[in-house]
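With mature numbering (1 follows the signal peptide of the UniProt record, and there is no 0) applied, the sequence shown corresponds to residues -24 to -1, 1 to 234, in that order.
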Amino acid sequence: MELLCGARRVLLLVGAVLATVVKGQTPLYPRNLGFVYGNGFANATVRLDIFIDLICPDSQAALPIVVRLTDLYGPDKLQLVTHLFPLPYHRAGFYAAKGAHVVDMLSKGKSTYAWFNILYNNIDSLVNTATHQISDAAVVQQLAKLAEDVVSGSSGQFAKLVDSDTVEQDTRVAWKYACTRGVAATPTFMVNDVLVSADPSWTVKDWSKVIDPLLAPQQPVVIFQTCPADTKRCEYLPRKVECCTKGEYCIPNVGCRC
């Protein structure tokens, strides 16, 4: 009986752990997250991901630079994907991010970056000091008016869609995804899924120093298949070969040594 009770305790503990894991799982999404700029190719040589907040001055400074960079290289070489990470201390940030999903939906992806631009052009009216005395509904109406300039005739639909379950879920999943990538501030940059220590002051020239080496053709590695008769072939590392002379030994990870 005691053994049975012990087994039950173990099963309950395992069940509790599994429930915690399932509950903490970031929702899986039916498509790739983020907003692709222009006609960026999915198989482009370089992928640049930028995580921004639409009420963040640093993001405002960084986005135009990476857009120019992407235009410079072209969609076959560089794909730009923008992810929204509204910071909790920017009151209108989450509504602005929800608005991006609404505009993307209404324009079928054609006006999403125009939405980013119009918000940054009107950022002074969306920061905390400008919105702290108005209601959430007033913030949404303010965003709806801006959406009208991006997608004609959208203001009525905007107010409804911004509160829809679909848009709410999309915005939350995008935010949680950024958290899983270790994003804690904006802007954050990744090149081919690797974090890059860039900042908003970087110019196109600065970025080119990162991108150009990735686009340069790889030099073929020449491997000596044979060594002279009086030497011994030593492949001390994968595809690294030396020819050891008499008295030398082939040492792994080092090469020929006496």
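Yeah, the Cβ is synthetic: ideal placement off N, Cα and C, and Gly gets one too.
message = DSSP has H108 in a bridge; who is on the other side?
response = Residue 108 sits at position 132 when you count from the first residue of the sequence shown. Per DSSP, none; premise fails for H108.
inquiry  = Can you find the residues in the same chain that come closer than 8 angstroms, C-beta to C-beta, to C219, ignoring five residues on each side of it along the sequence?
reply    = In the sequence shown, counting from the first residue as 1, residue 219 sits at position 243. So the qualifying residues of the chain are F200, C203, P204, T207, K208, R209, C210, C232.
task = Taking the CB atoms as reference points, tell me whether L190 and T21 lie closer together than 8 angstroms.
result = Along the sequence shown, read from residue 1 onward, the residue named residue 190 stands at position 214. Along the sequence shown, read from residue 1 onward, the residue named residue 21 stands at position 45. In contact: L190 and T21 (Cβ atoms closer than 8 angstroms).
ask   = Where does D25 fall in DSSP's three states?
value = For this step, residue 25 is matched to residue 49 along the sequence shown. Correct three-state label for D25: strand.
query = Hey, does V170 have any beta-carbon neighbour from chain D nearer than 8 angstroms?
reply = Of the chains in the structure shown, none is chain D; there is only one protein chain.
message = Please identify the residue among K185, N229, K222, A154 whose C-alpha is closest to the C-alpha of H59.
response = Counted from its first residue, the sequence shown places residue 59 at position 83. Closest option to H59, Cα to Cα, is A154.
message = Assuming the contact rule is C-beta atoms closer than 8 angstroms, I31 and V103 should be a hit. Round their C-beta distance to whole Å, please.
response = By 1-based counting over the sequence shown, the position of residue 31 is 55. By 1-based counting over the sequence shown, the position of residue 103 is 127. So it is a contact: roughly 6 angstroms between Cβ atoms.
ask   = Buried or exposed: which applies to residue 235, given that a residue is buried once 16 or more other Cβ atoms fall within 10 Å of its Cβ?
value = The structure shown does not extend to residue 235, since the chain is modelled only from -24 to 234, so the question has no answer here.
query = From this set, L39, T142, R67, which residue's C-alpha is nearest D112's C-alpha?
reply = The residue given as residue 112 occupies position 136 in the sequence shown. Nearest to D112 by C-alpha distance, out of L39, T142, R67, is R67.
Span of the alpha helix (DSSP H), counted from its first residue to its last, around G69 = Numbered from 1 along the sequence shown, position 93 holds the residue referred to as residue 69. Unbroken alpha helix (DSSP H) run through G69: 69 to 83.
query = Of the choices Q55, V167, N229, whose alpha-carbon is the least far from that of N15?
reply = Within the sequence shown, residue 15 is the residue found at index 39, counting from 1. Nearest of Q55, V167, N229 to N15, Cα basis: Q55.
message = Among the candidates A106, V230, L122, whose CA atom is the shortest distance from the CA of V79?
response = Position 103 of the sequence shown holds residue 79. Measuring from the Cα of V79, the nearest candidate turns out to be L122.
message = Can you tell me where the alpha helix (DSSP H) holding F61 begins and where it ends?
response = On the sequence shown, position 85 is the one that residue 61 refers to. Careful: F61 lies outside any alpha helix (DSSP H) and carries neither H nor E.
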